[in-house]
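Student: Questions regarding the structure given below will be posed in turn.
There are 2 protein chains.
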Amino acid sequence: MKNYPNSGFTVWFTGLPGAGKSTLSKMLAERLKQFHLPVQILDGDEVRKRLTKGLGYSHEDREENIRRIAYVAKLLTNIGGITIVAAISPYLNSREEARAEIKDFVEVFVQCPLQMCIQRDPKGLYAKANRGEISNFTGISDPYEPPEKPEIIVRTDEEKPEESLQKILTELVKLKYIPESLI
Amino acid sequence: MKNYPNSGFTVWFTGLPGAGKSTLSKMLAERLKQFHLPVQILDGDEVRKRLTKGLGYSHEDREENIRRIAYVAKLLTNIGGITIVAAISPYLNSREEARAEIKDFVEVFVQCPLQMCIQRDPKGLYAKANRGEISNFTGISDPYEPPEKPEIIVRTDEEKPEESLQKILTELVKLKYIPESLI
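Just so you know, the protein sequences line up as chains A and B, in that order.
For what it's worth, this note's numbering labels the leading residue of the first sequence as 10, then goes sequentially.
For what it's worth, this note's numbering labels the leading residue of the second sequence as 10, then goes sequentially.
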């Protein structure tokens, strides 16, 4: 059915802030680029600057944020790109909408207990949220709805990043999105 | 220097409302798709629904609208896509920003005298603008700044659409973006 390398797909990383989405998305992109595949990362933080300036963190604005990312991911996927999305994307419903729109969609749940994300706190945002300086912060003052049937689950509390990456690559081969020679 | 078909570029149509941007962009996309090239149109009207909902037609909002289109065009171009933008994009400065960001950028000025665009008025928008029902309408109550050095000029008041298309294809060959076998 799939016809790599001309067939695009989207790998959608979802998880709590600090779970490891950006790290893994960069590792995956680098690996695929070594094989000259057309890869593009859509990182939540950059997208907030370029596509969704003006949107806040209310439920409605978060939904619109994800809708825009999904639209761009679809465009990239349709021309044969491998799109890697790294965005908290906390709501089940928004991710299901993205899946329906993009079609060739691989959801990766970057699982890590909240307590460990709070300990890591790479950007110091949990500390701010706990001091009440940020409102609607996912995991603290805004819900995170984990995926029900993600294609892939990585456990960044237990696995080394390289192990999680390997899990993802193996699954992409099984799903016939990339050839076995890549792993 | 260029390495088709793996090297992306953006064809950016600019011109007054009703000049023929959407028509020509669709014709160009169809022609290139016949050769199985990875083509994506970004049409101003669709983009307004998907990426820039909430933006209006003030100078600032128009600039932000074009910045978002340019960002997405860059992403598509970077992975080897042929991106076709059809948007009024009335300001010189915004288009120059887009050119600087995208780099492989071919500006097509779809030239047509305002009076003829008003006669055509395919969406009935000039009539509304003239009745004062739309404010900030390009050509009537908002400026259109024609390009100073576009790569291509088509004259939709004098040429048939097929002639304009041929002009564009010929120029894309000269610029080495597409092989001569395509025209």
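Backbone N, C-alpha and C define an ideal beta-carbon position, used for all residues, glycine too.
All values reported here derive from a predicted model rather than from experimental measurement.
Using 8 Å as the cut-off, can you tell me whether the region 48 to 66 of chain B makes contact with the region 89 to 97 of chain B, which would need three or more C-beta pairs spanning the two stretches below that distance?
Tutor: Contact holds: three or more Cβ-Cβ distances are below 8 Å.
Student: Report the option in A:TRP21, A:PHE18 and A:LEU25 whose CA atom is closest to the CA atom of LEU123 of chain A.
Tutor: Within the first sequence, residue 123 of chain A is the residue found at index 114, counting from 1. The candidate whose alpha carbon is nearest that of LEU123 of chain A is A:LEU25.
Student: For a test of the three-state rule: what should DSSP assign to LYS11 of chain B, helix, strand or coil?
Tutor: Taking the second sequence and counting its residues from 1, one reaches residue 11 of chain B at position 2. With a pLDDT of 46 at LYS11 of chain B, under the threshold of 50, the modelled position of that residue is not reliable, and the figure given next carries that caveat. LYS11 of chain B: coil per DSSP, three-state reduction.
Student: Can you confirm whether LEU84 of chain A, when its beta carbon is compared against all beta carbons of chain B, has any partner nearer than 7 Å?
Tutor: Here the question's residue 84 of chain A lines up with position 75 in the first sequence. With 7 Å as the cut-off, LEU84 of chain A counts as an interface residue toward chain B.
Student: From ILE149 of chain A to GLU157 of chain A, what distance separates their C-alpha atoms?
Tutor: Counting from one through the first sequence, the residue named residue 149 of chain A turns up at place 140. Counting from one through the first sequence, the residue named residue 157 of chain A turns up at place 148. Taking the straight line joining both Cα atoms gives about 21 Å.
Student: Anything in chain B within Cβ reach of TYR80 of chain A, meaning under 8 Å, just list it in chain order.
Tutor: Counted from its first residue, the first sequence places residue 80 of chain A at position 71. Ordered by position in chain B, the residues that pass the 8 Å Cβ test against TYR80 of chain A are ARG59 and LEU60.
Student: Does THR165 of chain A come out as helix, strand or coil in the three-state DSSP assignment?
Tutor: On the first sequence, position 156 is the one that residue 165 of chain A refers to. Here THR165 of chain A sits in coil by DSSP.
Student: Return helix, strand or coil for ILE149 of chain B, following the three-state DSSP convention.
Tutor: Numbered from 1 along the second sequence, position 140 holds the residue referred to as residue 149 of chain B. It is coil, neither helix nor strand.
Student: Looking at the structure shown, is ILE177 of chain A part of a helix, part of a strand, or coil, going by DSSP?
Tutor: Position 168 of the first sequence, counted from the first residue, corresponds to residue 177 of chain A. Three-state DSSP puts ILE177 of chain A in a helix.
Student: Nearest to SER103 of chain A by CA position, among A:GLU39, A:TRP21 and A:SER190, is which residue?
Tutor: Along the first sequence, one-based indexing puts residue 103 of chain A at 94. Cα-wise, what sits closest to SER103 of chain A is A:TRP21.
Student: Can you name the residues of chain B whose CB is closer than 8 Å to the CB of ARG77 of chain A?
Tutor: Sequence index remark: in the first sequence, residue 77 of chain A carries index 68 (1-based). Near ARG77 of chain A (Cβ distances below 8 Å), the residues of chain B are ARG59 and LEU60.
Student: Answer with buried or exposed for GLY141 of chain B, where buried requires no fewer than 16 other C-beta atoms within 10 angstroms of its C-beta.
Tutor: Locating residue 141 of chain B in the second sequence gives position 132, counting from the first residue. The residue is exposed, with fewer than 16 neighbouring Cβ atoms inside 10 Å.
Student: Between VAL119 of chain B and THR165 of chain B, how many whole angstroms is the CB-CB distance? I'm expecting something under 8 Å.
Tutor: Translated into positions along the second sequence, residue 119 of chain B becomes position 110. Translated into positions along the second sequence, residue 165 of chain B becomes position 156. Right, the Cβ-Cβ distance comes to about 6 Å (below 8 Å), so this counts as a contact.
Student: Based on the DSSP secondary-structure assignment, which residues constitute the bridge partners of GLU116 of chain A?
Tutor: Taking the first sequence and counting its residues from 1, the one referred to as residue 116 of chain A is at position 107. A:TRP21.
Student: Looking at the unbroken alpha helix (DSSP H) that takes in ALA38 of chain A, where does it start and where does it end?
Tutor: Residue numbering aside, residue 38 of chain A sits at position 29 when the first sequence is read from its first letter. Taken as a continuous stretch (DSSP letters only), the alpha helix (DSSP H) holding ALA38 of chain A covers 30 to 43.
Student: Skipping 5 residues on each side, what residues in its chain have a beta carbon closer than 6 Å to that of SER34 of chain B?
Tutor: In the second sequence, the residue the question calls residue 34 of chain B occupies position 25. Closer than 6 Å at the Cβ level, and outside the excluded window around SER34 of chain B, lie PHE22, ILE50, ILE93 and ALA95.
Student: Just checking my contact of ARG59 of chain B with TYR80 of chain A at CB under 8 Å: how many whole Å lie between their CB atoms?
Tutor: Within the second sequence, numbered from 1, the residue matching residue 59 of chain B stands at position 50. Within the first sequence, numbered from 1, the residue matching residue 80 of chain A stands at position 71. The Cβ separation is near 5 Å, so the contact holds.
Student: Three-state secondary structure (DSSP) at ALA95 of chain B?
Tutor: Translated into the one-based positions of the second sequence, residue 95 of chain B becomes position 86. Strand.
Student: Using a Cβ-Cβ cutoff of 8 Å, what residues of the region 17 to 43 of chain B are near chain A? List them in chain order.
Tutor: The region 17 to 43 of chain B vs chain A, Cβ under 8 Å: nothing.
Student: Taking only runs that begin and end inside the region 56 to 107 of chain B, name each unbroken alpha helix (DSSP H) of 4 or more residues, in chain order.
Tutor: Within the region 56 to 107 of chain B, the complete alpha helix (DSSP H) runs of at least 4 residues are 68 to 87.
Student: Using only the alpha-carbon positions, how far apart do PRO131 of chain B and LEU64 of chain B sit?
Tutor: Taking the second sequence and counting its residues from 1, one reaches residue 131 of chain B at position 122. Taking the second sequence and counting its residues from 1, one reaches residue 64 of chain B at position 55. One C-alpha to the other measures close to 23 Å.
Student: CB-CB under 7 Å to SER144 of chain A, same chain, minus the five flanking residues each way: which ones, in chain order?
Tutor: One-based indexing of the first sequence puts residue 144 of chain A at position 135. Cβ within range, chain order: SER150.
Student: Taking a cut of 9 Å between CB atoms, which residues from the region 81 to 115 of chain A lie near chain B?
Tutor: Listed in sequence order: VAL81, LEU84, LEU85, ASN87, ILE88, GLY89, GLY90, ILE91 and THR92.
Student: Rounded to whole angstroms, what is the Cα-Cα separation between TYR66 of chain B and ILE192 of chain B?
Tutor: Position 57 of the second sequence, counted from the start, is the residue given in the question as residue 66 of chain B. Position 183 of the second sequence, counted from the start, is the residue given in the question as residue 192 of chain B. Roughly 38 Å separates the two Cα atoms.
Student: Classify MET10 of chain B as buried or exposed, calling it buried when 16 or more other Cβ atoms lie within 10 Å of its own Cβ.
Tutor: For the purposes of this step, residue 10 of chain B is identified with residue 1 of the second sequence, where counting begins at 1. Residue placement at MET10 of chain B is flagged as unreliable, the pLDDT there being 33, under the threshold of 50; the coordinate-derived value follows with that caveat. When all chains shown are included, MET10 of chain B counts as exposed.
Student: Would you say PRO47 of chain B faces chain A, with C-beta separation under 7 Å as the test?
Tutor: Here residue 47 of chain B is taken as the residue at index 38 of the second sequence, counted from 1. Yes, PRO47 of chain B counts as interfacial toward chain A.
Student: Rounded to a whole number of angstroms, what is the C-alpha to C-alpha distance between ALA107 of chain A and GLU167 of chain B?
Tutor: The residue you call residue 107 of chain A lines up with position 98 of the first sequence. The residue you call residue 167 of chain B lines up with position 158 of the second sequence. Looking at the two C-alpha atoms, the distance is approximately 44 Å.
Student: What does GLY63 of chain A reach in chain B if we use C-beta pairs closer than 9 Å?
Tutor: Along the first sequence, one-based indexing puts residue 63 of chain A at 54. Residues of chain B passing the Cβ test: GLY63, LEU64 and GLU73.
Student: Closest by CA to GLU55 of chain A, which one among A:GLU69, A:LYS42, A:ILE78 and A:GLU39?
Tutor: Against the first sequence, residue 55 of chain A aligns to sequence position 46. Answer by Cα proximity: A:ILE78.
Student: Can you grab the Cα-Cα spacing for the pair ALA138 of chain A / ILE111 of chain B, in whole Å?
Tutor: Taking the first sequence and counting its residues from 1, one reaches residue 138 of chain A at position 129. Taking the second sequence and counting its residues from 1, one reaches residue 111 of chain B at position 102. Taking the straight line from one Cα to the other gives about 37 Å.
Student: Pull up the distance between the alpha-carbon of TYR153 of chain A and that of GLU72 of chain A, whole angstroms please.
Tutor: Taking the first residue of the first sequence as position 1, residue 153 of chain A is located at position 144. Taking the first residue of the first sequence as position 1, residue 72 of chain A is located at position 63. Approximately 13 Å between the Cα atoms of the pair.
Student: Reducing DSSP to helix, strand and coil, say where ILE111 of chain A ends up.
Tutor: Looking up residue 111 of chain A in the first sequence gives position 102. Correct three-state label for ILE111 of chain A: helix.
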